[in-house]
Amino acid sequence: MSQPNAAPPPAAPRVNPLQRIWLREIGMERLWLRPAPAPSRPTAETQVLVSTPVLPAAAQIPVAEAPIAPQPVAAVAPVAAVPAREAAPAAVAAPAEPTPGRAGIPTSILNRKGPPPPPAPKAEAEAALPPPVPVAEAIRNSTLEEMHDQVVACSACGLCKGRRNAVFGHGGQPTRWLVVGEAPGEQEDRQGQPFVGRSGQLLDAMLSSVSMSRERDVFITNVIKCRPPGNRNPKPEEIAACSPYLMRQIALLKPERILVLGRFAAQTLLGTDATIGSLRGRIHQLKTDEGREIPVVVSYHPAYLLRSPSEKARAWQDLRLAVAQLA
Ligand code: URA
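Position 283 of the sequence shown, counting from 1, maps to 283 under full-length UniProt numbering, and the rest follow consecutively.
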């Protein structure tokens, strides 16, 4: 029997074409676009959130204290002193070369009479350099723009020697989600932008499936700002040297949520060596230096999803979890 005063059934959610493609890819299109049932009881996701335990204390350790980066960053990260934006170019500028002469040989060498001068005594050369300023100290009061220049000029670890470009990160502000990956790959190193290769295309599709965009409301960055040679795993000293940049980005961007992609980034940010399987599916809390707690959702790295497409359904659950927390 029809009920004259009953409310019309809720309409199916509206999705854009990209969202639809993503939903179809993971077999959720029909399920998701079905009109929602009357909203009388909490959804499974809400229940997950309500019962989600906050991680044990170990997971709340800020990056600078994480076990994976055992030494305090301030003590191990020598970086060229770059106190402010204007100072940055001087810190990166290559030493002036004499005008090249024949076959690229500097004229100062071609025209030289007698034997080459002896190298300056080591102690004297070192005395001429300013003492290195640790990263954490150098960026303590930096704005995002200043820190961008400091990252571009950074020489706090050996990765600076092999990079084409440091990758600071990119995205919209105010920042609703901060997405944190591992480290730049080849394409990112070439272009100086995060997630621009195939993984990046998949990440964009995933974000779009929950109406998020890197241009508008998502800032994307990595734990490590320079590409490790051959995409090898970053070393503990590289993580320790680079982590203060990520922590300052978090402090300045104040994201509502952090989505961490892949085991390495999750373990580093949460200060744990737990498996990604055990870190997924719940909300973690990251304590910032100012005492704020930011919810963190862990998901698979897009590069892994490209190799294991059947896991995309789980990545979708992770995105829903992050969205539900925001609602
Ligand atoms: N993988 C990452 O973790 N980060 C990038 O920026 C690109 C690929």
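Every residue gets a Cβ at the ideal spot worked out from N, C-alpha and C, and that includes glycine. These numbers were taken from a predicted model, which means no experiment stands behind them.
> For V180 versus V260, is the C-beta spacing smaller than 8 Å?
Replying inline: Here residue 180 refers to the residue found at position 180 when the sequence shown is read from its first residue. Here residue 260 refers to the residue found at position 260 when the sequence shown is read from its first residue. Contact: yes.
> Is it the case that the CB of E182 approaches a heavy atom of the ligand URA more closely than 7 Å?
Replying inline: Residue 182 sits at position 182 when you count from the first residue of the sequence shown. True, at least one ligand heavy atom lies under 7 Å from that Cβ.
> Do three or more CB pairs link the region 128-148 to the region 184-193 at distances below 8 Å?
Replying inline: no
> Any heavy atom of the ligand URA closer than 7 Å to the CB of N222?
Replying inline: Taking the sequence shown and counting its residues from 1, the one referred to as residue 222 is at position 222. True, at least one ligand heavy atom lies under 7 Å from that Cβ.
> Taking 7 Å as the cut-off, is the CB of S199 close to at least one heavy atom of the ligand URA?
Replying inline: Mapped onto the sequence shown, residue 199 falls at position 199. Checking every heavy atom of the ligand URA against the Cβ of S199, one is found closer than 7 Å.
>> Buried or exposed, going by whether 16 or more other CB atoms sit within 10 Å of the CB of residue 402?
In response: The requested residue 402 does not occur in the structure, where the chain is confined to residues 1 to 327.
>> According to DSSP, simplified to helix, strand and coil, what is D33?
In response: Start at 1 with the first residue of the sequence shown, and residue 33 comes out as number 33. Checking the sequence shown, residue 33 turns out to be Leu, not Asp. L33: helix per DSSP, three-state reduction.
> Which whole-angstrom value describes the C-beta separation of L279 and A266, a residue pair presumed to lie in contact below a C-beta threshold of 8 Å?
Replying inline: Within the sequence shown, the letter at position 279 stands for residue 279. Within the sequence shown, the letter at position 266 stands for residue 266. Their Cβ separation, rounded to whole angstroms, is 5 Å, which keeps L279 and A266 in contact under 8 Å.
>> Threshold first: 3 residues or longer. Then list the beta strand (DSSP E) segments lying entirely within the region 164-195, N to C.
In response: 177-181
>> Within a Cβ cutoff of 7 Å, which residues of the same chain sit near Q249, ignoring the five residues on either side of it in sequence?
In response: The residue you call residue 249 lines up with position 249 of the sequence shown. Cβ within range, chain order: G169 and T221.
>> Restricting to Cα atoms, I'd like to know which of V15, R14 and W22 is closest to P309.
In response: Translated into positions along the sequence shown, residue 309 becomes position 309. If we check each option's Cα against that of P309, W22 comes out closest.
> Taking buried to mean at least 16 other C-beta atoms within 10 Å of its own C-beta, is E238 buried or exposed?
Replying inline: Position 238 of the sequence shown, counted from the first residue, corresponds to residue 238. Burial call: buried.
> Got a sec, what are the start and stop residues for the alpha helix (DSSP H) residue 328 sits in?
Replying inline: Since the first and last residues shown for the chain are 1 and 327, residue 328 lies out of range.
> Leaving out five residues before and five after S199 in sequence, what residues of the same chain have Cβ atoms less than 6 Å from its Cβ?
Replying inline: The residue given as residue 199 occupies position 199 in the sequence shown. Contacts found: P302 and A303.
> R320 and C226: beta carbons closer than 8 Å?
Replying inline: Residue numbering aside, residue 320 sits at position 320 when the sequence shown is read from its first letter. Residue numbering aside, residue 226 sits at position 226 when the sequence shown is read from its first letter. It is not a contact, given that the beta carbons lie outside the stated cut-off.
>> Checking 8 Å against the spacing of the C-beta atoms, do V218 and W177 come in under that value?
In response: Here residue 218 refers to the residue found at position 218 of the sequence shown. Here residue 177 refers to the residue found at position 177 of the sequence shown. Taking 8 Å as the Cβ cut-off, V218 and W177 qualify as a contacting pair.
> If you drop the 5 nearest sequence neighbours on each side, which residues of the same chain put their C-beta closer than 7 Å to that of A66?
Replying inline: Your numbering for residue 66 matches position 66 in the sequence shown. Interpretation of A66 is limited by its pLDDT of 36, a score under 50 that renders its predicted location unreliable; no figure is taken from the coordinates.
> Would the beta-carbon of E238 be found less than 7 Å away from any heavy atom of the ligand URA?
Replying inline: As a working note, residue 238 is residue 238 in the sequence shown. Result no, Cβ not under 7 Å from the ligand URA.
> Which residues does DSSP pair with F219 in a beta bridge?
Replying inline: Position 219 of the sequence shown, counted from the start, is the residue given in the question as residue 219. In the DSSP output, where bridge partners are listed per residue, F219 has G171 and L178.
> Can you give the Cα-Cα distance for I139 and L246, rounded to whole angstroms?
Replying inline: Against the sequence shown, residue 139 aligns to sequence position 139. Against the sequence shown, residue 246 aligns to sequence position 246. Approximately 11 Å, taken between the alpha carbons.
>> My assumption, with CB atoms under 8 Å, is that R282 sits in contact with Y300. Please give the rounded CB distance.
In response: On the sequence shown, position 282 is the one that residue 282 refers to. On the sequence shown, position 300 is the one that residue 300 refers to. So it is not a contact: roughly 15 Å between Cβ atoms.
> Quick one: does the C-beta of V218 sit closer than 7 Å to a heavy atom of the ligand URA?
Replying inline: Here the question's residue 218 lines up with position 218 in the sequence shown. No.
> What residue from G185, N165 and S209 has the CA that sits closest to V15's CA?
Replying inline: For the purposes of this step, residue 15 is taken as the residue at position 15 of the sequence shown. Checking every option, the nearest Cα to that of V15 belongs to S209.
> Can G162 be considered in contact with the ligand URA, in the sense that its beta carbon sits closer than 7 Å to one or more heavy atoms?
Replying inline: Within the sequence shown, the letter at position 162 stands for residue 162. Result no, Cβ not under 7 Å from the ligand URA.
> Distance, Cα to Cα, G175 vs D273?
Replying inline: The count along the sequence shown starts at 1 and reaches residue 175 at position 175. The count along the sequence shown starts at 1 and reaches residue 273 at position 273. The sequence given here has Thr at residue 175, not Gly. Cα to Cα, T175 sits roughly 28 Å from D273.
>> Using the Cβ count rule (16 or more neighbours within 10 Å means buried), how would you classify S213?
In response: Counted from its first residue, the sequence shown places residue 213 at position 213. That one is exposed.
> Going by other Cβ atoms of all chains shown within 10 Å of its Cβ, with 16 needed for buried, is D289 buried or exposed?
Replying inline: Taking the sequence shown and counting its residues from 1, the one referred to as residue 289 is at position 289. D289 should be labelled exposed.
>> Just to confirm my understanding: we take C242, look at its own chain, exclude 5 residues before and 5 after, and list those with CB closer than 6 Å. What are they?
In response: On the sequence shown, residue 242 is found 242 positions in, with the first residue counted as 1. Hits under 6 Å: I224 and K225.
> Taking 7 Å as the line, does the beta carbon of F195 fall inside it for any heavy atom of the ligand URA?
Replying inline: As a first step, residue 195 is located in the sequence shown; it is residue number 195 there, counting from the start. For the ligand URA, at least one heavy atom lies less than 7 Å from the Cβ of F195.
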